[in-house]
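Take the sequence shown: its position 149, counted from the start at 1, is 149 in the numbering used here, and no numbers get skipped.
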Amino acid sequence: MSEDIEFSDKNEDSSSMTSQEKQMNESDLSKQLDADKSEKKNVEAGNCYCGKDRNLNIIELLCANCNRWFHESCIGYQLGKLVPFLTNYVFLCKNCSPTGLETFKKSQAQTFQMCITAIANLQQSSLKEGTNKTMFSKDKEIIPYLEYHWEALTTTPRRVTTSWHVTVTKALIKDIHILFVFEDHPDDGHMYGLINSDLTHIKPNYEAMIKGGTLKVTDMGIQHGKIHYV
Ligand SMILES: [Zn+2]
Ligand SMILES: [Zn+2]
């Protein structure tokens with residue numbers, strides 16, 4: 001692929017251009033633009049190499065370039081330990097990677113990101129079990145989830161003391177009404193849920209990474225800038 005990979009959704013993903021489109025003459029230009037619009041919609045609706053729908057019960061990664069979701073089972077790259085609903089990674093699918101090989105990099109997660117991932121997984125598990133819970137106990141469910149899945153959630157080394165429990169509490173409280181909803185339950189204590197309980201929206205904030213200079217995609221591939229977390 002010789003073209004620069006760009007992120008604006010106005011830019012055509014070159015892999016989605018068919019040879020037929022390329023052969024169209026100028027008189028067809030306006031028709032082609034209309035056709036592109038509708039085709040682009042269809043292309044965007046498709047996910048993964050397999051074309052199948054999203055599956056929230058398995059790990060899926062969002063490509064930073066084509067904005068399609070890819071199932072872990074369809075990805076060739078050795079991803080290592082992950083859980084569904086991570087947001088602290090950069091992934092490029094084979095179609096978008098200039099080398100034709102997937103690239104994947106997980107980074108340190110901020111505490112609020114780990115909390116979102118934990119609550120999302122608890123919610124999805126509850127849905128699978130048929131209990132349909134959206135609020136979870138900080139002490140009985142969220143913290144144990146983080147404890148159990150630490151290495152899958154972040155590249156930050158596991159903490160030796162439990163002082164991070166306080167950090168989690170602070171992160172949850174700080175973003176009540178922004179990311180989280182809170183409820184004081186008589187038996188289960190402090191309960192938290194996601195303000196947007198639609199789990200399909202949980203994804204890396206690639207736009208912010210590009211704006212913040214932590215992510216650059218050029219025709220040489222993805223370049224990871226230095227990522228600073230507090
Ligand atoms: Zn797939
Ligand atoms: Zn892609």
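C-beta atoms are modelled at their ideal positions from N, C-alpha and C, and glycine is treated no differently. This one's a predicted model, so the numbers in the text were calculated from it and none came from an experiment.
Option nearest residue i by Cα separation, candidates the options
{"i": "valine 166", "options": "Leu179, Asp139, Val181, Cys48", "result": "Asp139"}
{"i": "valine 83", "options": "Ala64, Arg159, Ala109", "result": "Ala109"}
{"i": "phenylalanine 85", "options": "Cys66, Pro144, Met114", "result": "Met114"}
{"i": "phenylalanine 136", "options": "Glu102, Lys94, Ser197", "result": "Ser197"}
{"i": "leucine 199", "options": "Asn121, Glu147, Lys128, Gly212", "result": "Asn121"}
{"i": "phenylalanine 112", "options": "Cys96, Leu153, Glu129, Ser97", "result": "Leu153"}
{"i": "tryptophan 69", "options": "Tyr145, Ala208, Asn55, His177", "result": "Asn55"}
{"i": "isoleucine 58", "options": "Ala208, Lys128, Ser163, Asp188", "result": "Lys128"}
{"i": "asparagine 95", "options": "Val181, Glu147, Asn67", "result": "Asn67"}
{"i": "isoleucine 195", "options": "Lys216, Gly213, Ile176, Gly212", "result": "Ile176"}
{"i": "glycine 231", "options": "Thr169, Ile178, Pro204, Tyr206", "result": "Residue 231 cannot be examined here, being either before or after the span of the chain that is shown, 1 to 230."}
For residue i, the residue or residues it bridges with in DSSP
{"i": "phenylalanine 182", "result": "Tyr192"}
{"i": "leucine 122", "result": "Answer is none; leucine 122 lacks a bridge partner."}
{"i": "isoleucine 176", "result": "Phe180"}
{"i": "serine 137", "result": "Met191"}
{"i": "leucine 62", "result": "Trp69"}
{"i": "phenylalanine 91", "result": "Cys63, Phe104"}
Cβ distance (whole Å) where residue i is taken to contact residue j below 8 angstroms
{"i": "threonine 99", "j": "isoleucine 202", "result": "With 8 angstroms as the limit, threonine 99 and isoleucine 202 do not qualify as a contact, their Cβ atoms being about 28 angstroms apart."}
{"i": "isoleucine 119", "j": "glutamate 102", "result": "Wrong, their Cβ atoms sit about 28 angstroms apart, outside the cutoff."}
{"i": "glutamate 151", "j": "lysine 81", "result": "5 angstroms"}
{"i": "aspartate 142", "j": "tyrosine 192", "result": "For clarity, residue 142 is isoleucine in the given sequence; the question names aspartate instead. Rounded, the Cβ-Cβ distance is 6 angstroms, consistent with contact."}
Residue i at chain C interface by Cβ criterion, 7 angstroms
{"i": "asparagine 67", "result": "The displayed structure is made up of one protein chain only, and chain C is not part of it."}
Heavy atom of ligand 3 within 6 angstroms of residue i beta-carbon
{"i": "isoleucine 176", "result": "As presented, the structure is devoid of ligand 3, carrying ligand 1 and ligand 2 as its sole ligands."}
**Q.** Residues surrounding ligand 1 [beta-carbon distance to nearest heavy atom under 5 angstroms]
**A.** Cys48, Cys50, His71, Cys74
Q: For ligand 2, list every residue whose C-beta falls under 7 angstroms from any of its heavy atoms, going in chain order.
A: Cys63, Asn65, Cys66, Arg68, Leu92, Cys93, Asn95, Cys96
Q.
I'd like to know if the region 90-98 and the region 55-69 are in contact, where contact means that at least 3 CB-CB pairs between them fall below 8 angstroms.
A. yes
Q: Specify whether the region 123-131 and the region 148-168 touch according to this definition: at least 3 beta carbon pairs, one from each stretch, less than 8 angstroms apart.
A: no
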